Amino acid sequence: MARSPLPSHPRFKALTLAGALGALLAVAGPAATETAAPAEPIVVDPAKQSEIQRFCSNIADAARDRRYALQAAELKELQAEIDKRMALLEEKRAEYEGWLKRREEFLDKAEDNIVQIYSRMKPDAAAERLEVLRAELAAGILMKLDSRKAGTILNEMDSKAAATLTTIMVSATRKEDPS
């Protein structure tokens, strides 16, 4: 929708194009309503007219070729900029993939260390510590422990906390989405 050249003042909102034109003519006064004398047409003699037509027809192909060349140059510039941006994006993607790989390796090492720590703890102490952790984290640690050690730790826990952790562990091992 084209934007109206009229100001967004409340007085002008109800005006239509014809009403706006009438309002402008009323403001301009009688001088604006007088008809001006028609401008005299430019008359070109036939000899010059044919010369002008020949000139225009002679340069039409060159002008078209120049326009195409300019468009082609602009497209090449745009393609070069796109290629440059894609190279930057590819560089960033590689950087993020490297960072993610290092992060995953660190988490795997840290997780293995934590699992070893809990596997060496006394079951009652491990149960007490795991009850305080977030349930998802505690369940993940228990799932990586030896099943006998995990069972002993769950046995030492409060029954409600043990049930919550067991539910999370069972949900994590399901092969199908229950929803």
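When we follow our numbering, the leftmost residue of the sequence shown carries the number 620, and every step to the right adds one.
Even for Gly, the Cβ is constructed at its ideal location relative to N, Cα and C.
Being a predicted model, the structure only gives us computed values, none of them experimental.
(message) Relative to the C-alpha of D743, which candidate in E775, R767, E710 has its C-alpha closest?
(response) Of E775, R767, E710, the residue nearest in Cα terms is E775.
(message) Suppose contacts are defined by Cβ-Cβ distances below 8 angstroms. Is A754 in contact with T783 by that definition?
(response) Yes, these two residues count as a Cβ contact at 8 angstroms.
(message) My output table needs one value for K703: the three-state DSSP class, helix, strand or coil.
(response) For K703, the three-state secondary structure derived from DSSP is helix.
(request) Give me the Cα-Cα distance between D765 and G717, rounded to the nearest whole angstrom. (result) One C-alpha to the other measures close to 32 angstroms.
(message) I'd like to check one pair, S738 with K703: are the Cβ atoms closer than 8 angstroms?
(response) No. Outside cutoff.
(message) Taking only three categories from DSSP, how would you classify K741?
(response) Assigned with DSSP and collapsed to three states, K741 falls in coil, not helix or strand.
(request) Could you tell me whether the Cβ atoms of M740 and L761 are closer together than 8 angstroms? (result) No, the pair does not count as a contact, with Cβ atoms beyond the cut-off.
(message) Can you tell me whether D680 is helix, strand or coil according to DSSP?
(response) DSSP, reduced to helix, strand and coil, places D680 within a helical segment of the structure shown.
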